Amino acid sequence: MDSGNPQCAADIVDLRSDTVTSPTDTMFEAMRRAPLGDDSRDGDPTVRALEQRAADLTGKAAALFVPSGTMGNLLAMLAHGARGGEVFSDAGAHLFNSEIGSVVTIAGLVPRPVPSYRGAMQEDALGQAIHAASSAGRPRPALIWMETSHNGAGGTVPPLAHMARVHALGRDNRIAVHVDGARLFNAAVALGVSAQEIAAHADSLMFCVSKGLSAPVGSLLVGDAALIAQARAFRRFVGGNMRQAGVIAAASLVALDTMIARLRDDHESAGQLARGLAWLDPAIAEPGHVQTNILRIDVSGSTQSAADWASRLKTQGILVQASGASQLRLVTHRHIDRAAVERTLLAFSAVVPKA
Ligand SMILES: Cc1ncc(COP(=O)(O)O)c(C=O)c1O
Numbered sequence: 399m400d401s402g403n404p405q406c407a408a409d410i411v412d413l414r415s416d417t418v419t420s421p422t423d424t425m426f427e428a429m430r431r432a433p434l435g436d437d438s439r440d441g442d443p444t445v446r447a448l449e450q451r452a453a454d455l456t457g458k459a460a461a462l463f464v465p466s467g468t469m470g471n472l473l474a475m476l477a478h479g480a481r482g483g484e485v486f487s488d489a490g491a492h493l494f495n496s497e498i499g500s501v502v503t504i505a506g507l508v509p510r511p512v513p514s515y516r517g518a519m520q521e522d523a524l525g526q527a528i529h530a531a532s533s534a535g536r537p538r539p540a541l542i543w544m545e546t547s548h549n550g551a552g553g554t555v556p557p558l559a560h561m562a563r564v565h566a567l568g569r570d571n572r573i574a575v576h577v578d579g580a581r582l583f584n585a586a587v588a589l590g591v592s593a594q595e596i597a598a599h600a601d602s603l604m605f606c607v608s609k610g611l612s613a614p615v616g617s618l619l620v621g622d623a624a625l626i627a628q629a630r631a632f633r634r635f636v637g638g639n640m641r642q643a644g645v646i647a648a649a650s651l652v653a654l655d656t657m658i659a660r661l662r663d664d665h666e667s668a669g670q671l672a673r674g675l676a677w678l679d680p681a682i683a684e685p686g687h688v689q690t691n692i693l694r695i696d697v698s699g700s701t702q703s704a705a706d707w708a709s710r711l712k713t714q715g716i717l718v719q720a721s722g723a724s725q726l727r728l729v730t731h732r733h734i735d736r737a738a739v740e741r742t743l744l745a746f747s748a749v750v751p752k753a
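Following the numbering used here, the numbering of the sequence shown begins with 399 at its first residue and continues without gaps.
Pasting the structure below:
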C-alpha cells in the first residue's frame with residue numbers, strides 16, 4: 399500500500415478534508431481488474447459485491463451504491479416517503495447546512511432543528527418536538543436524523559446508548575430513523591464497536607468510502623430490502639444511474655478491506671494536533687473533545703478572522719478550512735503523518751498571537 403498523495407505537492411499539508419485522500423496502488427490495480435457490467439441494466443458484478451459487503455458490514459438486508467453522500471441522504475429521505483412531514487435533527491447537521499437545501503426543495507421536508515449537545519440531540523427536546531409536531535397545524539413528524547461522526551460538532555460520536563434511545567423514540571412514535579454515517583467507520587473505531595452495532599440503531603444509514611477510507615468516489619445507503627428498492631428507483635429519478643460502476647466499486651471494496659483499521663492513526667494525529675495547539679493557546683483547542691479525525695479550532699478570541707488565519711497558514715504550506723468567521727476545521731487523514739503534524743504546529747506557532 400502506498401501512502402503518498404500524487405495530487406498534493408510534497409511541501410503542502412492539506413488538512414481541509416479527508417476527501418483529499420487519493421486511491422492507493424492496490425485500489426488502482428483492483429479497478430483495472432474488476433469484472434464489469436451495465437449496472438442499471440443487468441447489474442455490474444463488482445457493484446453487486448460491494449453492495450453485499452456494505453449490507454453485511456452494517457447488518458442490513460440490502461445496500462445501494464451511489465455517487466455521493468449527499469445523494470445517499472437524499473434517496474433516504476425520498477425512499478422513507480417522508481415528503482410533507484418534519485425531519486428532526488440538530489441545527490448543525492450536514493443535512494441542514496451543506497446539502498444546498500435539498501431537504502426542502504427536492505425531498506419536500508420541513509427541517510425541525512432540535513437543541514443538541516456536541517451534535518447529539520437532547521432526548522427530552524426531541525420527544526417534545528415530536529409531540530408538538532403531532533398537534534394540529536404542524537406537518538406530521540416524519541423522520542429522525544442523526545449524524546455520526548458529527549462533522550459540524552468537530553467529529554464527535556454520540557454514545558450507542560443515546561442512539562438506542564433515539565431509535566426507540568422513533569419506533570414508539572412510528573417515525574423512521576436515518577443515520578448520516580458519512581464517517582461511520584471513524585465513529586465505530588472511536589467507540590471500539592463494529593459498524594453493525596451503530597447501524598442497529600438506524601432504519602437506514604448512509605456511509606461514504608470517499609473520505610478517510612481513500613476510495614475515489616462513492617457512498618452506500620443501507621436498509622431493508624423494500625426501502626433500498628425504493629431508493630434504487632429514486633436514484634434513477636435524480637439522475638444517479640450508473641453503468642460500468644464496478645470500476646469505482648472495486649476501489650471501494652479495497653477501501654473497506656484495508657482502510658478501516660488505520661483510521662485509528664488519523665484519530666491519533668488529530669489528538670496530537672489538538673494537544674499541540676492547546677499548548678500554544680488553550681483558548682483555541684480542546685483536546686478532550688477530539689474523538690475522531692476532525693478538529694474545530696476556535697479563533698473567536700483573536701482580532702483576525704478565520705479566513706485570515708487560513709490564508710496566513712497557507713503561506714506556510716498548511717491548508718485548513720475556515721468555517722464561519724471564527725472557526726477553522728482541520729481534518730486528519732492518510733496523507734497526514736507525524737512530520738505533517740509537526741509542520742502544522744510550527745506554522746501555527748507563528749500565527750497564534752502571543753499573549
Ligand atoms: C456528515 C456528512 N454527511 C454527508 C456528506 C456528503 O458527502 P458527499 O460530499 O459525498 O456528498 C458529508 C461530506 O463531507 C458529511 O461530512
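The beta-carbon is built from N, C-alpha and C at its ideal position, and this holds for glycine as well.
From a predicted model like this one, the values you see are computed outputs, not experimental measurements.
For residue i, the three-state DSSP class (helix, strand or coil)
{"i": "Gly669", "result": "helix"}
{"i": "Asp696", "result": "strand"}
{"i": "Arg660", "result": "coil"}
{"i": "Asp436", "result": "coil"}
{"i": "Glu684", "result": "coil"}
{"i": "Leu493", "result": "helix"}
{"i": "Leu363", "result": "Residue numbering for the chain in the displayed model covers 399 to 753; residue 363 lies beyond these limits and cannot be assessed."}
{"i": "Leu726", "result": "strand"}
{"i": "Met399", "result": "With a pLDDT of only 43 at Met399, under 50, the local geometry of the prediction cannot be trusted, and the value read off the model is given with reservation. Coil."}
{"i": "Arg710", "result": "helix"}
{"i": "Ser747", "result": "helix"}
{"i": "Arg516", "result": "coil"}
{"i": "Val508", "result": "strand"}
{"i": "Ser721", "result": "strand"}
{"i": "Thr742", "result": "helix"}
heavy atom of ligand 1 below 7 Å from residue i C-beta
{"i": "Glu545", "result": "yes"}
{"i": "Thr468", "result": "yes"}
{"i": "Ser617", "result": "yes"}
{"i": "Ser608", "result": "yes"}
{"i": "His731", "result": "no"}
{"i": "Ala580", "result": "yes"}
{"i": "Arg691", "result": "For the record, residue 691 in the displayed sequence is Asn; it is not Arg. Not so, every heavy atom of ligand 1 lies at least 7 Å from the Cβ."}
{"i": "Asn584", "result": "no"}
{"i": "His492", "result": "yes"}
{"i": "Asn471", "result": "yes"}
{"i": "Asn495", "result": "no"}
{"i": "Asn639", "result": "no"}
{"i": "Asn549", "result": "yes"}
Other residues of its chain near residue i: CB distance less than 8 Å, five sequence neighbours each side excluded
{"i": "Gly722", "result": "Ala704"}
{"i": "Val340", "result": "Not covered by the structure: residue 340. The range shown for the chain is 399 to 753."}
{"i": "His576", "result": "Asn471, Ala474, Met475, His478, Leu541, Ile542, Trp543, Met544, Ala600, Asp601, Ser602, Leu603, Met604"}
Straight-line Cα distance separating residue j from residue i
{"i": "Asn549", "j": "Lys609", "result": "12 Å"}
{"i": "Leu651", "j": "Ser612", "result": "11 Å"}
{"i": "Gly674", "j": "Gly699", "result": "18 Å"}
{"i": "Gly470", "j": "Pro751", "result": "42 Å"}
{"i": "Glu740", "j": "Arg694", "result": "18 Å"}
{"i": "Ser558", "j": "Glu521", "result": "Reading off the sequence shown, one finds Leu at residue 558, where the question assumed Ser. Approximately 13 Å, taken between the alpha carbons."}
{"i": "Phe605", "j": "Thr503", "result": "23 Å"}
{"i": "Gly590", "j": "Gly579", "result": "16 Å"}
{"i": "Asn571", "j": "Arg563", "result": "12 Å"}
{"i": "Ala737", "j": "Gln670", "result": "11 Å"}
{"i": "Leu678", "j": "Gly482", "result": "49 Å"}
{"i": "Leu434", "j": "Leu603", "result": "26 Å"}
{"i": "Gly499", "j": "Leu493", "result": "8 Å"}
{"i": "Ala745", "j": "Met657", "result": "29 Å"}
{"i": "Pro513", "j": "Ala530", "result": "14 Å"}
{"i": "Ser420", "j": "Leu413", "result": "14 Å"}
{"i": "Arg732", "j": "Thr468", "result": "23 Å"}
Spatial neighbours of residue i in its chain, beta-carbon cut-off 7 Å, leaving aside the 5 residues before and after
{"i": "Thr417", "result": "Ser608, Lys609"}
{"i": "Ala453", "result": "Ala459, Ala460, Ala461, Val620"}
{"i": "Gln628", "result": "Ala477"}
{"i": "Ala598", "result": "Gly457"}
{"i": "Asp735", "result": "none"}
Cβ of residue i within 8 Å of any chain C Cβ
{"i": "Leu726", "result": "Judged by its chain identifiers, the structure shown contains no chain C, having just a single protein chain."}
Chain-order list of residues whose beta-carbon lies under 6 Å from that of residue i (same chain, five-residue window excluded)
{"i": "Ile692", "result": "Gly552, Gly553, Val729"}
{"i": "Ala588", "result": "Val555, Gln689, Thr690"}
{"i": "Ala489", "result": "Pro511"}
{"i": "Leu582", "result": "Ala593, Phe605"}
{"i": "Ser764", "result": "Outside the displayed span of the chain (399 to 753) sits residue 764, for which this structure offers no information."}
{"i": "Ala480", "result": "Leu507, Ala540, Leu541"}
{"i": "Asp409", "result": "Gly715"}
{"i": "Thr644", "result": "For clarity, residue 644 is Gly in the given sequence; the question names Thr instead. These residues qualify, in order along the chain: Ala432, Leu434, Asp442, Thr444, Val445."}
{"i": "Ala648", "result": "Ala428, Met429, Ala432, Thr444"}
{"i": "Val718", "result": "Leu413, Ala708, Leu711, Leu726, Leu728"}
Residue i Cβ short of 7 Å to ligand 3 heavy atom set
{"i": "Asn571", "result": "Only ligand 1 can be found as ligands here, which leaves ligand 3 out of the picture."}
Ranges of the alpha helix (DSSP H) found wholly within the stretch 527-588, counting only runs of at least 4
558-570
Could you pull out every unbroken beta strand (DSSP E) segment of at least 3 residues lying fully inside the stretch 585-657, listed in chain order?
Listed in chain order, they are 602-606, 617-621.
Every unbroken beta strand (DSSP E) inside the stretch 407-488 [3 residues or more]:
460-464, 484-488
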